[in-house]
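Trainee: Residue numbers (the working numbering): 90 to 348.
A virtual CB, placed ideally from N, CA and C, is assigned to each residue, including glycine.
Just so we're clear, the structure is a prediction, and the values are computed from it rather than from any experiment.
Got a structure here, written out as structure tokens. Questions coming.
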């Protein structure tokens, strides 16, 4: 018997009944348990295998929508990766060739490039002052990671970063679980999901995510869609599971319903 709640199973059954659907999942905290070092993350083997199986079913598209840049995602996700991969919260989008005409990764303007350099220098100075505070570099953003720092250092570094960057016009700040991302592009996962819906011409979208940044994705879902929050905390998703270790049960149930 599926460990999923009756309410979630019923919602999943409704979703599975649509002929053409998109199943989109966040990576860190959803397909992969959260780890101290981002480079150590890996999807649960069963979850990765089930995503591959889902993608082979008629009428089903699968996608990973991550805050990671696509290069970082390829380094932690074993082959085969899903054909549709959204990185940097939507700033990078990789889709099969037949759907690629509607998107090209935007090049930064000179002003944006200079702004990215300024915010990176400020975040680097903060990271240098605090032990176990690190930076992650993306094509259009820099991310402050504090998961490995002591609680006091983490809180201080985050506060300093917010204070230092808030005055910079054109910088979008996104707080997540032990991270602060500063981007010079105004993109988010909701925008990417809406784009995928149009591009793939699907009738319904299932989005599964765990972090604050995934809320932008949940907020664009319609009554025909299904949002599933992984873990605790307030959410716009209509359904919830407890941890990444329940994602395989969700995917197995969906495969069974589609079959």
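Note down, in chain order, each residue of its chain lying with its Cβ closer than 7 Å to the Cβ of residue 106, except the 5 sequence neighbours on either side.
Mentor: For this step, residue 106 is matched to residue 17 along the chain shown. So no residue of the chain qualifies.
Trainee: Determine the burial state of residue 90: buried for a count of at least 16 other Cβ atoms within 10 Å of its Cβ, exposed for fewer.
Mentor: In the chain shown, residue 90 corresponds to position 1, counting from 1. Low local confidence applies: a pLDDT of 44 at residue 90 is under 50, so the model's placement there is unreliable, and no value is given.
Trainee: Identify the continuous beta strand (DSSP E) that holds residue 264 and give its terminal residues.
Mentor: Start at 1 with the first residue of the chain shown, and residue 264 comes out as number 175. Per DSSP, residue 264 belongs to the beta strand (DSSP E) from 261-265.
Trainee: Starting from the C-beta of residue 172, find all residues in its chain whose C-beta is less than 6 Å away, skip the five residues before and the five after it, and write them out in chain order.
Mentor: Within the chain shown, numbered from 1, the residue matching residue 172 stands at position 83. Within the same chain, residue 172 has close Cβ partners 185.
Trainee: Got a sec? Which residues, its chain only, sit under 7 Å from residue 103 by beta carbon, not counting five neighbours each side?
Mentor: The residue labelled residue 103 in the question sits at position 14 within the chain shown. Cβ within range, chain order: n/a, list empty.
Trainee: On a CA-only basis, which of 113, 324, 292, 251 is nearest residue 136? Give me that one, please.
Mentor: Counting from 1 along the chain shown, the entry for residue 136 is found at position 47. Checking every option, the nearest Cα to that of residue 136 belongs to 113.
Trainee: Leaving out five residues on either side along the sequence, give the residues of the same chain with a beta carbon under 7 Å from the beta carbon of residue 245.
Mentor: On the chain shown, residue 245 is found 156 positions in, with the first residue counted as 1. Same-chain partners within the cutoff: 219.
Trainee: Would you mind giving the Cβ-Cβ distance between residue 297 and residue 336, rounded to the nearest angstrom? I have them listed as a contact below 8 Å.
Mentor: Translated into the one-based positions of the chain shown, residue 297 becomes position 208. Translated into the one-based positions of the chain shown, residue 336 becomes position 247. So it is a contact: roughly 7 Å between Cβ atoms.
Trainee: If you run the structure through DSSP and keep just helix, strand and coil, what is residue 270?
Mentor: As a first step, residue 270 is located in the chain shown; it is residue number 181 there, counting from the start. Three-state result, residue 270: strand.
Trainee: For residue 162, I'd like the list of residues in its chain whose CB is within less than 8 Å of its CB, leaving aside the five on either flank, ordered along the chain.
Mentor: Taking the chain shown and counting its residues from 1, the one referred to as residue 162 is at position 73. Here the set comprises 116, 153, 155, 170, 174, 176.
Trainee: So, are the CB atoms of residue 222 and residue 216 less than 8 Å apart?
Mentor: As a first step, residue 222 must be located in the chain shown, where it is residue number 133. As a first step, residue 216 must be located in the chain shown, where it is residue number 127. Result yes, Cβ atoms of residue 222 and residue 216 sit closer than 8 Å.
Trainee: I'd like to know if residue 174 contacts chain C, where contact means its C-beta is closer than 8 Å to some C-beta of that chain.
Mentor: Looking for chain C here will not work: only one protein chain is present.
Trainee: Excluding the five sequence neighbours on either side, which residues of its own chain have a C-beta within less than 7 Å of the C-beta of residue 332, listed in chain order?
Mentor: Here residue 332 refers to the residue found at position 243 of the chain shown. Excluding positions up to five away in sequence, the list reads 319, 320.
Trainee: Quick one: give me the first and last residue of the beta strand (DSSP E) that residue 318 is part of.
Mentor: The residue labelled residue 318 in the question sits at position 229 within the chain shown. Per DSSP, residue 318 belongs to the beta strand (DSSP E) from 315-319.
Trainee: Would you tell me roughly how many angstroms separate the C-alpha atoms of residue 100 and residue 330, rounded to the nearest one?
Mentor: Indexing the chain shown from 1 puts residue 100 at position 11. Indexing the chain shown from 1 puts residue 330 at position 241. Their backbone Cα atoms lie some 13 Å apart in a straight line.
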